[in-house]
Amino acid sequence: GLLGLLDGPLSPKGHQPTPPGHAGGIVYSQVSGVQRGARWLARLTDPGSDALSVGSVPVGWPVSALVGGTMATGQVQTAPLVAFYPGTAWAAHGNYGVEYHLTLPLLNDTPEPVTLQLALESPQEREPPGGVVSLAAASPNAPVRFRGPVAVQGLDGSPGERVFHLVQRRGQPGPLLGAITLAPGEDRTVVVRLVYPADATPPQVLSLLSAHTLAPDPHAGDPRRIDVDALIAPLLEGS
Numbered sequence: 005g006l007l008g009l010l011d012g013p014l015s016p017k018g019h020q021p022t023p024p025g026h027a028g029g030i031v032y033s034q035v036s037g038v039q040r041g042a043r044w045l046a047r048l049t050d051p052g053s054d055a056l057s058v059g060s061v062p063v064g065w066p067v068s069a070l071v072g073g074t075m076a077t078g079q080v081q082t083a084p085l086v087a088f089y090p091g092t093a094w095a096a097h098g099n100y101g102v103e104y105h106l107t108l109p110l111l112n113d114t115p116e117p118v119t120l121q122l123a124l125e126s127p128q129e130r131e132p133p134g135g136v137v138s139l140a141a142a143s144p145n146a147p148v149r150f151r152g153p154v155a156v157q158g159l160d161g162s163p164g165e166r167v168f169h170l171v172q173r174r175g176q177p178g179p180l181l182g183a184i185t186l187a188p189g190e191d192r193t194v195v196v197r198l199v200y201p202a203d204a205t206p207p208q209v210l211s212l213l214s215a216h217t218l219a220p221d222p223h224a225g226d227p228r229r230i231d232v233d234a235l236i237a238p239l240l241e242g243s
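In structure tokens:
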């Protein structure tokens, strides 16, 4: 019965996790623990600035980056585990159930009007060379990497928050969530919120793109440069 299940031996794990600090490939193993934290807050700006210049575009930031999957930024966002079963993974999890609250204080510091596009994407590579990822039309047989709602505030034509339900396969670009048009000298704050889904496979990339990326070539792919230097003041709050 239930007491026997609680007191009896646990079934053997399929794979033992790679020890922390081990060089080479990583075996993540199964996750069975309790993580600390409930929210990831970040203000995405240029280094040393209070704003994000349109001149930084295209640029992207990892979402739910983990050991061996930092998108070449070296930033591990995985929440620490306060308790976990022996023989299970120590840091293989995305921030499942954690709310991401990302603020982009955009500034058009050019003499011309600028239109930007916002996207959440699921690249194939977890550690792309040079921080540049390639995206192409995903195979219908590729595994789903992200499935869930994403809320965005600050898009053109919508003063309030818009909610999008995304289903993305591995290597799939976009879909574009909306446009942000700024006149010369204009600023606008864009806020992206999501609760990282329990069945997602990290990491994802939040991408800010120029308008010409509206129709990427599905054969050539669409390079994105991931720049973690623009990620200012990340904070994983206690629940």
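Residue numbers for the sequence shown follow the numbering used here, beginning at 5 and rising by one.
We put the CB at the ideal spot given by N, CA and C, even for glycine.
Query, Result
"Nonlocal neighbours in the same chain, by C-beta distance under 6 Å from Val156, ignoring five residues either side", "Arg166, Leu181 and Val196"
"Complete runs of the alpha helix (DSSP H) confined to the segment 37-94 [at least 4 residues]", "none"
"Where the beta strand (DSSP E) through Val156 begins and ends", "Val148 to Gln157"
"Minimum C-alpha distance to Arg174 - residue among Pro84, Ala204 and Glu103", "Ala204"
"His19 versus Ser36 - alpha carbon distance", "13 Å"
"Tyr100 versus Pro188 - alpha carbon distance", "40 Å"
"Residue burial classification, Val194 (beta-carbon count within 10 angstroms, cutoff 16)", "buried"
"Limits of the beta strand (DSSP E) - the one that Ser214 falls within", "Gln208 to Ser214"
"Inter-residue spacing [alpha-carbon to alpha-carbon] between Ser53 and Glu116", "21 Å"
"Distance between beta carbons of Ala46 and Leu106, contact taken as under 8 Å", "5 Å"
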